Amino acid sequence: MKTSEGKMITDTCPDAGEIAEVGEGFLDGTFPSDRYHHREHLIMMVYLLVKYPTRDWRADLPDLIRRYNVAAGGVNDETRGYHHTITMAFVAIVEAIVFRGERGDCVASCRAVLASPAARQDVLLRFWSRELLFSKEARQDWVAPDLRAFDVDAVAASATM
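Laid out in structure tokens, this is it:
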């Protein structure tokens, strides 16, 4: 998706206000679902990691995403809504990028994440085949990649802070 200026959406870096709007809107279920795309998922994850650094997001995020989906009028079933493998993979990537930089700086962390391979929705297809990644099993539980080992550090290392 492109902005009116022709920039890729992930090229536009949010300010602190937008980051908080996305993060808090996700948490309270009020962020508009028609504005909640890949970029906003990444911003939300940065916000949560920076604002609540001691929370176990691998444990807490699945239920929060399911709750948000329902609040936004969506569903969580075998083909729609929460996807466990994708969520856990992106948590690992975003966490690695955030923890490499200034942990308390949401704006710098968002810039780094949005400038990284994580901003590409297809980044996980380097590791998983499309068939496996979008399977019912991968949606419900963690499924190891079938193409090559999931190298979080290599993906995160290409981010610039």
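For what it's worth, this note's numbering labels the leading residue of the sequence shown as 592, then goes sequentially. All residues carry an ideal CB built from backbone N, CA and C; glycine is no exception. Remember, it's a predicted structure, so these values are computed and weren't measured experimentally.
Nearest residue (CA-CA) to residue i, options the options
i      : options                        : result
Ile634 : Thr603, Ala663, Pro736, Glu728 : Thr603
Asp744 : Ala706, Asp696, Ala703, Ala687 : Ala687
Asp625 : Glu615, Gly664, Asp647         : Gly664
Gln731 : Tyr673, Trp648, Glu612         : Tyr673
Ile610 : Met679, Glu728, Cys697, Ile684 : Cys697
Glu728 : Arg694, Ser707, Asp668         : Asp668
Phe725 : Gly692, Arg671, Arg649, Ala703 : Arg671
Spatial distance of residue i from residue j (CA atoms)
i      : j      : result
Pro605 : Ser720 : 32 Å
Pro653 : Cys701 : 21 Å
His632 : Gln712 : 11 Å
Tyr642 : Phe681 : The displayed chain sequence assigns Lys, not Tyr, to residue 642. The straight-line gap from Cα to Cα measures roughly 18 Å.
Ala607 : Val637 : 11 Å
Val746 : Trp733 : 19 Å
Lys615 : Leu639 : Just to set this straight, residue 615 is Glu in the shown sequence, not Lys. Cα to Cα, Glu615 sits roughly 9 Å from Leu639.
Asp647 : Ala699 : 22 Å
Gly692 : Pro644 : 14 Å
Ala683 : Gly695 : 18 Å
Ala650 : Pro708 : 24 Å
Helix, strand or coil at residue i [DSSP, three-state]
i      : result
Tyr673 : coil
Gln731 : helix
Trp719 : coil
Ala745 : helix
Arg694 : coil
Pro736 : coil
Arg649 : helix
Tyr638 : helix
Ala756 : Residue 756 lies beyond the residue range present for the chain, which begins at 592 and ends at 752; the question has no answer from this structure.
Cys701 : helix
Asp619 : helix
Tyr627 : coil
Pro605 : coil
Arg657 : helix
Check your understanding: So, do the region 704-718 and the region 727-747 have three or more beta carbon pairs nearer to each other than 8 Å?
Key -> yes
Check your understanding: Does the region 613-627 come close enough to the region 659-667 to have 3 or more Cβ pairs within less than 8 Å?
Key -> With the cut-off at 8 Å, the region 613-627 and the region 659-667 touch.
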